[in-house]
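**Student:** First residue of the sequence shown: 1, per the UniProt record's numbering; consecutive thereafter. Before I ask anything, let me first share the structure, which is written out below as structure tokens.
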Amino acid sequence: FQIHGLFWNQLEAVNGYLNFRISKTFLNELANQALTNPNDFTKGEKNKESFLLEYVSANPTGPLHIGHARGAVFGDTLTRLARHLGYKFNTEYYVND
């Protein structure tokens, strides 16, 4: 299935994974708000929705590569942004996945 919304322009579940692409419109609006009114750009209200994000989960018996670093940076950034906006956002790392 696919869902479209303001936050993302594509969200799909494939083989047990959730893949999404953040909307350029959302990122542009977020950046404009932060630059135009930096004092108004504060934490969001507490949100009842919660999310679980699993990221990196590199296999310890295999070599690390740049994709693992990219995933770690992206996952951490997404987590910090969501928490800043008031979402309950938890993360997990699976060893030997």
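Ideal placement from N, C-alpha and C gives every residue a C-beta, glycine not left out. What you are looking at is a predicted structure, and each value in this text was computed from that prediction instead of being measured.
Looking at Gly-75: is its Cβ nearer than 9 Å to the Cβ of Leu-53?
**Tutor:** The residue labelled residue 75 in the question sits at position 75 within the sequence shown. The residue labelled residue 53 in the question sits at position 53 within the sequence shown. Yes.
**Student:** Quick one, which of Pro-63, Tyr-93 and Ala-34 has its alpha-carbon nearest His-84's?
**Tutor:** Translated into positions along the sequence shown, residue 84 becomes position 84. Answer by Cα proximity: Ala-34.
**Student:** Rounded to the nearest angstrom, what separates Thr-79 and Leu-11 at their Cα positions?
**Tutor:** Reading the sequence shown from its first residue, position 79 is the one you call residue 79. Reading the sequence shown from its first residue, position 11 is the one you call residue 11. Rounded to the nearest angstrom, the two C-alpha atoms are 17 Å apart.
**Student:** Where do the ends of the beta strand (DSSP E) carrying Ala-13 lie?
**Tutor:** Counting from 1 along the sequence shown, the entry for residue 13 is found at position 13. That run of the beta strand (DSSP E) goes 8-14.
**Student:** Using only CA atoms, which one of Leu-81, Pro-60, Leu-18 and Leu-27 lies nearest to Tyr-94?
**Tutor:** Translated into the one-based positions of the sequence shown, residue 94 becomes position 94. Answer by Cα proximity: Pro-60.
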